[in-house]
Structure formats: C-alpha cells, structure tokens
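These notes concern the structure reproduced below.
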Amino acid sequence: GIQVEQSPPDLILQEGANSTLRCNFSDSVNNLQWFHQNPWGQLINLFYIPSGTKQNGRLSATTVATERYSLLYISSSQTTDSGVYFCAVESSGGYQKVTFGTGTKLQVIP
Amino acid sequence: DVKVTQSSRYLVKRTGEKVFLECVQDMDHENMFWYRQDPGLGLRLIYFSYDVKMKEKGDIPEGYSVSREKKERFSLILESASTNQTSMYLCASSFRSSPLHFGNGTRLTVT
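So the protein lines, in turn, are chains A and B.
The first sequence runs 7 to 116 under my numbering.
The second sequence runs 942 to 1052 under my numbering.
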C-alpha cells in the first residue's frame, strides 16, 4: 500500500517562530488532508488540499502532487499550536482508502 | 456541524471477551472508517466502508470485524479481545473525496 512519511517527527519552537512540516507519499493520490490533534486527543481537519496552496490565518499548506509531497507552514507560532500534526492521503483508483502518516509532534514554548 | 459520536470514551475489557465499539454520524456520509492510534505509529486503518453493508480491509484488519447495517452506524467488533488490542480507537466519516470528521475516540484497555 501507499507509504506516507512525515518530518520532522518532533519539533520544539519558541513562541513566535515559524516552522515547516513536510509530508511525502509514495504513490499518486486523489487528495491530501492535514490534521491537528490537540492535547485532549481531538483531531481537527486543517486543510483539504489535493494540489496547490491554501491559507487559513497563520497556517498555510502547499501540495505538489506531481512530486508527491505536501508542506504545512505555521507562522508566528502560539502555545495553542502544540499537539501532533498528521497528513493523510486518499489512494487513487478504487475506494476512498485514507492512509495517515506517523505525525509531527510540535511543542511551542513561551 | 458534523457530529461523529463514539459510544464510549473509556472501556475496560477482559482477555477473550467480545467487544463492540459503536460509531454514529449524523451527516449522511457514505464513507466511514475505523483507525487505531498507538504511540509512535500514528493512525492505522483497520477497516472502512463506502456504503451500507460494504466494507474493505484496511492495513491491520486481523482480529477485527465490522458491521454497517445502516448508513449512519459503523461498528467495530473484537471477536476475542487480546492485550495487544489495547489502544485508542478513532472513528471517522466523510462524503466521497471530502474532509474526514472524527469522533472523540474510545480508549480501550484489555486486561
């Protein structure tokens, strides 16, 4: 099946710093999603981005499907950004199977 | 707003018991998914369903089965619970090729 790799696995930031999280996938996909899991375990969808660039406040995401990667940018980080960030891809061809990466654990310190 | 409800937040069962985890969504979504989450392993897909009575194996289906008799409900069944099935179980739903919406999760402990 499709492989989804995220980097870095762990990240510590000073409040106010910027960061870039990366997601690589091994095969063509129908779409890609980014999620944030808060410290209470709730998963929230941040972006649904099969290709191109989207922005939502301090967060933006870019997917280059032809090169099989996506990037999540966090600018002016805040302590509330802490948690785990996952990317998830829907395999192309057939059923809507959605595979997750192993995540990037982000800690933003004041 | 989409609501995905998992029947229990915490569950403790004994080895060998038959365990049912229930998930209900209120948005008429075609797709429903069961994942388990373990430290360092991310979310791994157990089973998914793209329609009533239809199911597909995910990446780790061994030891699990599912049931989808109605569109809004997707049940995960552990036929004979084992300690290595202690985990956080997450249910999600979506329309075709649209964002996933997750429930709050069920933390299952098998003793």
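Ideal Cβ positions, reconstructed from N, Cα and C, are used throughout, including at glycine.
Rounded distance between the beta-carbons of residue j and residue i, thought under 8 Å
i, j, result
"B:Thr956", "B:Thr1024", "6 Å"
"A:Asn24", "A:Ile80", "7 Å"
"B:Ala1022", "B:Lys954", "5 Å"
"B:Phe974", "B:Ala1033", "4 Å"
"B:Gly999", "B:Leu986", "3 Å"
"B:Val965", "B:Glu1020", "In fact, because the Cβ distance is near 22 Å, the residues do not count as touching under 8 Å."
"A:Gly47", "B:Gly1046", "5 Å"
Chain A within 8 Å of residue i, Cβ atoms only
i, result
"B:Ser1039", "yes"
"B:Asp1000", "yes"
"B:Gly1046", "yes"
"B:Phe961", "no"
Contact under 8 Å by Cβ, residue i with residue j
i, j, result
"A:Val95", "A:Ile18", "no"
"A:Leu52", "A:Leu65", "yes"
"A:Tyr91", "B:Ser1039", "no"
"B:Phe1043", "A:Leu49", "yes"
"B:Ser948", "B:Glu958", "no"
"A:Ala67", "A:Thr59", "yes"
"A:Gln61", "A:Gly89", "no"
"B:Gln1026", "B:Val993", "no"
Residues of its chain near residue i, where Cβ-Cβ distance is below 8 Å and the 5 sequence neighbours each way are ignored
i, result
"A:Ile115", "Ile18, Leu19, Gln20, Glu21 and Thr85"
"A:Tyr75", "Arg28, Cys29, Asn30, Phe31 and Thr69"
"B:Leu982", "none"
"B:Ile1001", "Arg977, Arg985, Leu986 and Ile987"
"A:Pro45", "Ser88 and Gly89"
Contacts around residue i, its chain only, beta-carbon distance under 6 Å, and the 5 residues preceding and following it disregarded
i, result
"B:His970", "Ser1034, Ser1035 and Phe1036"
"B:Asp967", "Lys944"
"B:Lys996", "Tyr988, Ser990 and Val1007"
"A:Asn36", "Glu96 and Ser98"
"B:Arg1048", "Tyr951 and Met1029"
Same chain, Cβ closer than 7 Å to residue i, neighbours up to 5 away in sequence not counted
i, result
"A:Val10", "Cys29, Phe31, Cys93, Val95, Thr105, Phe106 and Gly107"
"A:Asp87", "Ile80, Leu112 and Val114"
"A:Pro14", "Thr110"
"B:Lys1011", "Val993"
"B:Asp979", "Ser1028"
Beta carbon proximity, residue i to chain B, threshold 8 Å
i, result
"A:Gly109", "yes"
"A:Gly7", "yes"
8 Å Cβ cutoff, residue i in contact with chain C
i, result
"B:Asp979", "As a matter of chain content, chain C is missing from the structure shown, whose protein chains are A and B."
Residues from the segment 1006 to 1035 of chain B in contact with chain A, defined by Cβ distance under 9 Å: Listed in sequence order: Met1029, Leu1031, Ala1033 and Ser1035.
Interface positions of the segment 973 to 996 of chain B facing chain A (Cβ-Cβ less than 8 Å), listed along the chain: Correct list: Phe974, Tyr976, Gly981, Leu982, Gly983, Leu984, Arg985, Leu986, Phe989 and Tyr991.
Chain B contacts made by the segment 89 to 104 of chain A, where a contact means CB separation under 8 Å: The residues in question are Phe92, Ala94, Glu96, Tyr101, Gln102, Lys103 and Val104.
Contact list for the segment 28 to 40 of chain A against chain B, Cβ threshold 9 Å: Result list: Asn36, Asn37 and Gln39.
Within 9 Å of chain B by C-beta, residues of the segment 39 to 73 of chain A in sequence order: Cβ contacts with chain B: Gln39, Phe41, Gln43, Trp46, Gly47, Gln48, Leu49, Ile50, Asn51, Phe53, Tyr54 and Pro56.
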